[in-house]
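Residues 267 to 743, numbered by the numbering used here, are exactly what the sequence shown covers, in order.
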Amino acid sequence: NSPQDSLILAASAESGSGLEAARLALLAGADPNLPDEQGMTPLLHAAFKARADLVALLVDTGKADVNWDGHEHGYTALMFAALSNSEPTVLSLLRRGARAYKTNRLGRTASQMAAFVGHHRIASLIGNYFEREELEHYTRCHGLETKPKLPPHLLEDTWMLVTDVNLNPAHLCYTLESRPALLNPAVPRVLELLSESQWKRRDLNEVLSIKFFYLAVAVRHLLAEWERCRVESGKDDGQVSLDQALRRLTQPVGPARAGRGSEELIRRVLREYPYTESNLLRTMIRSLASSRLGCRPTAVSVLNGAVNGQQFFADQDACEVCDKFIGCRHCAGCRVVKYCGPRCQRLNWPVHKPECAKLRQQRLKDEANNASDAAEAATKAELAASEARSEADAALAAAKEARQRADEARALAEAAESEATSAESAAEAAEAKAERAERAAAKARSKVPSGGKGGGIKDGGGDRESAELTVEPQEQD
267 NSPQDSLILA ASAESGSGLE AARLALLAGA DPNLPDEQGM TPLLHAAFKA
317 RADLVALLVD TGKADVNWDG HEHGYTALMF AALSNSEPTV LSLLRRGARA
367 YKTNRLGRTA SQMAAFVGHH RIASLIGNYF EREELEHYTR CHGLETKPKL
417 PPHLLEDTWM LVTDVNLNPA HLCYTLESRP ALLNPAVPRV LELLSESQWK
467 RRDLNEVLSI KFFYLAVAVR HLLAEWERCR VESGKDDGQV SLDQALRRLT
517 QPVGPARAGR GSEELIRRVL REYPYTESNL LRTMIRSLAS SRLGCRPTAV
567 SVLNGAVNGQ QFFADQDACE VCDKFIGCRH CAGCRVVKYC GPRCQRLNWP
617 VHKPECAKLR QQRLKDEANN ASDAAEAATK AELAASEARS EADAALAAAK
667 EARQRADEAR ALAEAAESEA TSAESAAEAA EAKAERAERA AAKARSKVPS
717 GGKGGGIKDG GGDRESAELT VEPQEQD
């Protein structure tokens with residue numbers, strides 16, 4: 267195969283293969299922007315196959331055009347990645363300059379296409395994406411500044427924070443633990459500036475403004491809570507203080523069993539948000555005004571709905587503690603609650619332990635009820651099928667009888683038609699015979715001598731004289 271064919275095959279390969287072949291094809295001179303006979307470039311193939319590693323290779327090494335839209339329907343690599351429901355591939359494309367606002371031939375963006383097919387997290391990821399260049403602005407000095415508002419070494423971690431779609435405070439706690447550079451006080455200050463810039467820009471973005479302000483308040487609150495837990499424990503152990511802060515955040519309250527700390531934090535954010543004329547803020551406040559702490563709708567669900575859009579039934583697949591979706595497994599006891607890992611399960615175990623057996627019994631009861639309902643529905647379906655079968659048999663019998671009657675009527679019609687044909691033939695024969703007789707009579711009359719001198723029939727005086735008619739015999743034909 268040519269290097270171009272090898273690159274297409276490598277980009278179309280399943281996950282875990284084709285990376286080295288693609289690298290060799292690029293070194294051999296394959297063009298990553300050349301479409302195949304189907305109008306697909308290697309980058310489009312890689313995005314559709316959810317190959318984040320190949321996407322990075324093609325863009326970084328092969329210089330593939332990440333916004334190429336020469337496809338028959340105007341699809342870009344980001345649209346194919348959104349349809350494949352691959353967060354790593356979508357992030358890889360966005361971080362390499364993929365434009366979320368580009369539309370296909372029907373005027374649909376990648377976010378709209380993902381939402382249409384039910385990939386709501388992908389739609390949220392694309393819709394909440396924040397350009398890296400806008401954050402880089404704060405890593406440079408402007409005017410009389412002697413140092414930037416955001417140290418350059420914090421750029422990558424801060425950018426990862428603002429592009430994350432999981433707004434659960436527990437998940438934010440995990441993020442701070444995995445990226446300790448975010449503990450710098452400059453981070454919440456820059457987040458507040460970002461919130462202000464999103465509100466005051468010409469194309470107002472209320473969603474990102476509220477999201478950035480929430481992150482600023484949450485990061486500052488979690489830092490203070492973390493420090494207080496460390497002081498109360500008397501140990502300079504970040505792990506211990508983090509677990510204590512997480513327990514305070516996730517301590518259940520109300521019938522919805524929502525985390526008290528998380529609920530209070532989000533309600534505090536809504537109270538402190540400075541732009542009170544925001545329509546989105548008023549909508550969120552109206553949603554929470556009618557519910558008490560820990561009742562539905564919870565503050566976390568309202569915040570997620572406002573920032574990421576409504577995602578029906580999404581909470582059924584998320585971790586009970588941190589709302590993480592990827593890699594969640596059911597509790598082995600109840601098989602109802604999900605956790606992303608042992609750590610979240612341990613944190614939630616004091617709360618979940620008293621309810622685990624009840625949830626298991628309820629699940630078994632629900633499964634039994636569902637099985638009973640299914641059996642009842644199956645029985646009804648069988649009865650309906652039996653009735654339908656009986657009706658079908660009756661219809662077949664009626665159709666058979668009707669077919670027999672039709673055959674009999676057809677036979678009678680054919681007999682009548684035959685008789686009519688015979689009668690018509692007889693009539694034609696009689697008519698022909700009558701015509702022949704008539705011609706014979708006419709011929710005979712033509713040979714009878716008319717009255718003259720030689721004799722004839724004379725009437726006179728009441729007496730009738732008869733004359734002998736001599737008829738010559740006719741020649742036989």
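The beta-carbon is built from N, C-alpha and C at its ideal position, and this holds for glycine as well. On a predicted model such as this, the values are computed, not experimentally measured, just so you know.
Confirm, please, whether the CB-CB distance from residue j to residue i is below 8 Å.
i	j	result
A584	C594	yes
A756	A343	Missing from the structure shown is residue 756; the chain here goes from 267 to 743 and no further.
V568	L554	yes
K413	Y404	no
A511	C610	no
G284	A277	yes
H337	L360	no
R558	G520	yes
R486	P454	yes
A637	T516	no
G340	P298	no
A389	P417	no
S544	E472	yes
A376	A366	yes
R514	E491	yes
V321	R387	no
R247	D423	Shown here, the chain extends from 267 to 743; a query on residue 247 therefore has no answer.
L324	A330	yes
V383	P518	no
Within the same chain, show all residues whose beta-carbon is closer than 6 Å to that of residue i, passing over the 5 residues directly before and after it, in chain order.
i	result
A318	P354, T355, S358
C597	V603
W425	R398, L401
P269	A291, A294, G295, A296
F396	V428, T429
G527	R514, L515
Following the continuous alpha helix (DSSP H) through residue i, name the residue where it begins and the one where it ends.
i	result
H618	608 to 712
I592	No alpha helix (DSSP H) holds I592; DSSP gives it neither H nor E.
M306	Per DSSP, M306 belongs to no alpha helix (DSSP H) and is neither H nor E.
S553	545 to 555
P269	269 to 277
S499	472 to 499
C585	First-last for C585: undefined, no H or E at that position.
S444	435 to 444
D326	318 to 326
K466	452 to 466
D423	421 to 428
F346	343 to 349
For residue i and residue j, which I take to be in contact (beta-carbon distance under 8 Å), what is that distance rounded to the nearest angstrom?
i	j	result
E529	G560	6 Å
L460	F478	4 Å
I532	A572	Actually they are not in contact, since the Cβ atoms of I532 and A572 sit about 10 Å apart, beyond 8 Å.
N394	L474	7 Å
L442	L449	7 Å
P308	L273	5 Å
K590	C606	4 Å
Give me, in chain order, the residues of the same chain whose beta-carbon lies closer than 8 Å to that of residue i; leave out the 5 immediate sequence neighbours on both sides.
i	result
D743	Because the pLDDT at D743 is just 41, under 50, the model does not fix this residue reliably, and the value given afterwards should be weighed accordingly. So no residue of the chain qualifies.
M379	M345, A348, L349, N370
N267	L275
S652	none
Is residue i near the ligand COA, with its Cβ less than 7 Å from a heavy atom?
i	result
V325	Only the bare structure without any ligand can be found here, which leaves the ligand COA out of the picture.
If I measure Cβ to Cβ from residue i and keep anything under 7 Å in the same chain, skipping five residues before and after, which residues do I get?
i	result
T645	none
N351	H385, I388
L421	L401, E402, T405
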